[in-house]
Each structure stands twice: as structure tokens, then as C-alpha cells.
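Undergrad: What follows is a structure written as C-alpha cells; I'll ask about it next.
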Amino acid sequence: MNRVLELAILGLLMDRDHHGYEIRTHLKDRLSFGGNASFGSIYPAIARLEREGLIEVAAAAETRLGSFSTGSLSGERAALRSTRQASGLGRRGRKTYRITELGRAQFAERLSDPATLDDARSFSLRMALFRFLTPNARVTLLEHRRANLVARLREIRSNAANAELDTYARSVMEHGAKAVELDLAWIDECLATERTIAVPQNNQTIAQEAK
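Position one of the sequence shown corresponds to residue 4 (this note's numbering), numbered consecutively onward.
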């Protein structure tokens, strides 16, 4: 869960800087990820990414004390609070974060690594971020996901053949098999599209050697 959440946060920051509340909102609205991602899990993930140097608080605009002069003490305090919040120095929820160059490199590595493609939730997130990958990398991930689904379908069908299952338990198994079959059909469609724009590996090697 932690690694998937971190990947989602890095993906959002690839587009532009965000503060914590925006990250929570976009996880749900753009990546369909926010249902179980609370601020209690998002801020620790942000802190980990910041410690690792993958993200940072956006640099604050330099200000002078004289710029807060409003003619009253209360007005100056209000202006100071507003500037701190806007520059990422106010309360935790309004810190504005941006991705670092190290973060961009780490994001690309994590996103394209099939070894971490461990469940449907992780794959759905990666699909939402596919625009950051090359066609060949997308094909690799789709093929890996397809292999996982084929293995899962084989397992479900094997379990459904268990003579000890009653009608209801077998019905649940059959429903699960149909769901996997639908996912497989979707993956096959995606693969057909991506393969038309992917560079064949042998051609890719020749091109690299020519350089």
C-alpha cells in the first residue's frame, strides 16, 4: 500500500506542484485511488518521499517585513499568515510540494518495473499513469498483467471444480472467473493498440547500435 500510494503522489507531482489537500482530492478524482487514502496515510507518505529527496517543499518567494505594512498590527499579522500559507510555510495541509529530478527518475523506474505489479489496484494506477511510459514499456506491463490474469483464471477454474463446493460457493467462483475473463479481454484490446505503436525489440537494438 505504501509503495503504491507513493507512486500515485509522484505521478500527480509530475504534472505540477500540489499541496496536501489537492493531492488527496486528485488521488480520488483523477486516479480513482482516494477511497481508502486518508490524510493519516498521505502525509506520512509525503514525509517519506521528502526524506528520500524525491519531493521538496516549493521554494517560497522572498519577502521583506516592510511588505506586510497595512497600517495596523492585526492587518500585518493577517498578511503574514496569508503569505506563509501561500508559500508553503503555513499549516501542514497548505505546504506546496514539487517533484525533484531524483524523484522523476525514481518515478519512471517504479512505474515501469513489472516486479512491483502485484495486484489489480497497482495495475489500475499504472494504467492511469501510462502516458509517462514508452509504448514498449506499456506493452511489457500489459503482458505481465495478462500472465497474472491467466494464472488467476486457471486457479479459479481449478477451485470451482472442487466436488465439495455447494451451489452457492461454486456460483461465487464462476462469477470471479467471468470478472477475470473481462479483464483479460480488456488487456488484449490494450495490447493490440500498444503493439501497433511499439518499436520491435530487434529494431530498437539496431537503432541504439547505430547511435
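Heads up, the beta-carbon is just placed ideally off N, CA and C, and yes, glycines get one too.
Every value quoted in this text rests on a predicted model; they were computed, and no experiment measured them.
In three-state DSSP terms, what is Val-60?
TA: strand
Undergrad: Run the CB neighbour count on Leu-34, radius 10 Å, all protein chains shown included, and call it buried at 16 or more, exposed below.
TA: The residue in question, Leu-34, is buried, as its Cβ has 16 or more Cβ neighbours within 10 Å.
Undergrad: Starting from the N-terminal side, write out each stretch of the alpha helix (DSSP H) that is 4 residues or longer and does not extend beyond the segment 112-194.
TA: 123-131, 138-163
Undergrad: Which whole-angstrom value describes the C-beta separation of Val-180 and Leu-156, a residue pair presumed to lie in contact below a C-beta threshold of 8 Å?
TA: The question names Val, yet the displayed sequence has Ala at residue 180. About 6 Å separates the Cβ atoms of Ala-180 and Leu-156, confirming a contact at the 8 Å cut-off.
Undergrad: Give me, in chain order, the residues of the same chain whose beta-carbon lies closer than 7 Å to that of Ser-41; leave out the 5 immediate sequence neighbours on both sides.
TA: If we look at Ser-41 and ignore the five residues flanking it on each side, it has no Cβ neighbours.
Undergrad: Is it buried or exposed, Ala-195, if we count other Cβ atoms within 10 angstroms and call 16 or more buried?
TA: Its Cβ having fewer than 16 others within 10 Å, Ala-195 is exposed.
Undergrad: If we ignore side chains and look at the alpha-carbon of each, how far apart do Arg-97 and Ile-58 end up?
TA: 15 Å
Undergrad: Residue range of the alpha helix (DSSP H) that Thr-28 falls in?
TA: 23-32
Undergrad: Would you report the Cα separation of Ala-61 and Glu-104, rounded to the nearest angstrom?
TA: Their backbone Cα atoms lie some 13 Å apart in a straight line.
Undergrad: Report buried or exposed for Thr-199, applying the criterion of at least 16 other Cβ atoms within 10 angstroms of its Cβ.
TA: exposed
Undergrad: Which residue from Glu-9, Glu-55, Arg-19 puts its Cα closest to that of Ser-44?
TA: Glu-9
Undergrad: Taking the continuous beta strand (DSSP E) assigned at Arg-101, which residues delimit it?
TA: 99-102
Undergrad: Helix, strand or coil for Phe-42? Go by DSSP, reduced to three states.
TA: helix
Undergrad: Restricting to Cα atoms, I'd like to know which of Arg-6, Leu-187, Asp-20 is closest to Thr-99.
TA: Asp-20
Undergrad: Considering only the beta carbon of each residue, do Arg-148 and Phe-126 sit closer than 8 Å?
TA: yes
Undergrad: Span of the alpha helix (DSSP H) holding Arg-6?
TA: 5-18
Undergrad: Taking only three categories from DSSP, how would you classify Pro-47?
TA: helix
Undergrad: In this structure, does DSSP put Ala-201 in helix, strand or coil?
TA: coil
Undergrad: Would you call the CB atoms of Ala-50 and Ile-12 closer than 8 Å?
TA: Against a cut-off of 8 Å, the Cβ pair of Ile-12 and Ala-50 comes out as no contact.
Undergrad: Closest by CA to His-29, which one among Ala-201, Ala-131, Leu-185, Val-183?
TA: Ala-131
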